[in-house]
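Below is one structure, written out as C-alpha cells; the observations come after it.
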Amino acid sequence: MRITEIGAGTIGVSWTVLLAAAGHDVVVTDPRPDLAEVVDAGVRRFGSADLLERVVCEPDPARAVAGADVVQEQGPERLEVKQDIWATAAAHAPAGALLLSSTSGILPTDVAARLDDDAAARLLVAHPFNPPHVLPLVELVAGKRTTRDNVTRAAEFLRSVGKDPVEIHKEVYGFVGNRLQSALFREAVSLVRDGVVSPAELDRVVTGALGPRWATGGPFLSLHLGGGDGGLRHLLEHLGPGMARRWADLGDPTLDPDTVEAISTATEDAYDPSREALTSARDRAETSVLAARSQMEES
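Pasting the structure below:
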C-alpha cells in the first residue's frame, strides 16, 4: 500500500517507521524546510536506515496524497488548520482513499465539516498514543457522516500493521485514553501541589502498583479480580462507600502559573535532564512490558 503521512513531528515519523517496517511505501509531507533531514534522523532513531528505502519526502501536500491508499494527518491541534489540511487532501487524494486523523481530542464531525459527503464518509479519527511504533492502541472515532464500512476498513488496516484499534462509540472531546489520563493527572497535580507527595514519589506509586496492574488488566478487570469470588459487584457493595468518599475528596487544581512552575521545577529536579536518554529508556521498558503481556495472553 501507499500511505501518506501529513506532518513530520514525532507522531508522523513514528507512524512512518511502523508503516515502512510493515512493508508499505510511505510519503511524508510537511511545509518545514528541513523535512528530509528530520525524517531521515527520525527514521534512523526510531527504526533503522534500511527503512528509508520505502520513505519519500514530498513538501507539496497535493502531490503527496496523489495515489495514496491511506492518508494520515498529524497536523497542529487546531480545528481550522486540520480543516484546511483535509480540504486539500480530500481534493487531491484518490476517491477511495481512507482518511485518518491522529488528533488527540478534536471531534471527527468537526474535522470533516468542510468536506463533501463522499470524503466525510471516509474520514475518521485514528488516535494513537505516543510513540505509535511502540504502543499498540489506536482509538477509532467515527464522525456523524463516517460510514460503517470505512470504520471496518480502518480497523482492518490498523490490525494489519500490528495495532490494536478500539472503537469509541460516541464522540467525546479527548476520546477515552486522554480523558482517563487527564483525570488521573488532575489528582496527581493536586497531591503534589498540596505537599502530600513529590512528583518522583508519585511516579513510584504508579509504576510500582497501578501501572503494572493496569498494564495486565485495566481498571475494571483489576477490581473485578480484587473482589474475590464475588468479583466487581462484591467489591463495590463492600468498598463502594469508601470509594465514593474519596471521589468527594478529590482535588480540583487549576494550572495557574504558580502551580505550573512548582510542579514543573520539581519534576525537572527529579529526573535526568537528558530527554533523549529518558525517552529511549521509556521505549525499551514499554516494549518489554508489552512483550510480557503478549506472552501472558498466549499462554
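Residue 13 in the working numbering sits at position 13 of the sequence shown, with consecutive numbering throughout.
Idealized CB from N, CA, C, for every residue including glycine.
Computed from a predicted structure; not experimentally measured.
Residues near residue i in its chain [Cβ-Cβ closer than 7 angstroms; skip 5 each side]
| i | result |
| --- | --- |
| Ala235 | In the sequence under discussion, the amino acid at residue 235 is Leu, which differs from the Ala named in the question. Excluding residues within five positions, the ones whose Cβ falls inside 7 angstroms are Leu223, Gly226 and Gly227. |
| Val81 | Gly75 |
| Val17 | Val43, Phe46, Gly47, Leu51 and His133 |
Paired residues, beta bridge with residue i - DSSP
| i | result |
| --- | --- |
| Ala142 | Leu124 |
| Glu171 | In the DSSP output, where bridge partners are listed per residue, Glu171 has none listed. |
| Arg2 | Asp25 |
| Leu107 | Its beta-bridge partners do not exist; DSSP assigns none. |
Beta-carbon proximity of residue i to residue j, cut-off 7 angstroms
| i | j | result |
| --- | --- | --- |
| Glu139 | Ile168 | yes |
| Gly251 | Glu187 | yes |
| Asp110 | Leu79 | yes |
| Ala93 | Ala68 | yes |
| Ala215 | Val289 | yes |
| Ala266 | Pro199 | yes |
| Ala62 | Leu35 | no |
| Pro253 | Val189 | yes |
Own chain partners of residue i with C-beta closer than 8 angstroms, once the 5 adjacent residues on each side are dropped
| i | result |
| --- | --- |
| Ala22 | Ser160, Val161 and Gly162 |
| Leu278 | Tyr271 and Asp272 |
Option in the options with minimal Cα separation from residue i
| i | options | result |
| --- | --- | --- |
| Thr287 | Val151, Gly177 and Asn130 | Asn130 |
| Gly12 | Ala95, Thr103 and Ala49 | Thr103 |
| His127 | Arg145, Arg114, Pro108 and Ala112 | Pro108 |
| Phe175 | Leu124, Gly195 and Pro132 | Leu124 |
| Lys170 | Arg153, Val192 and Gly143 | Gly143 |
| Asp258 | Ala41, Val192, Pro212 and Val70 | Val192 |
Any C-beta of chain B under 7 angstroms from that of residue i
| i | result |
| --- | --- |
| Thr279 | The chain inventory of the structure shown lacks chain B, comprising one protein chain alone. |
Outcome for residue i when other beta-carbon atoms lying within 10 angstroms are tallied against a minimum of 16
| i | result |
| --- | --- |
| Pro31 | exposed |
| Gly96 | exposed |
| Ala155 | buried |
| Trp15 | buried |
| Ser280 | exposed |
| Thr29 | buried |
| Leu19 | buried |
Contacting residues, own chain, Cβ-Cβ under 6 angstroms from residue i (five flanking each side not counted)
| i | result |
| --- | --- |
| Val27 | Thr4, Val56, Glu58 and Ala64 |
| His24 | Met1 and Ile3 |
| Ala87 | Arg114 |
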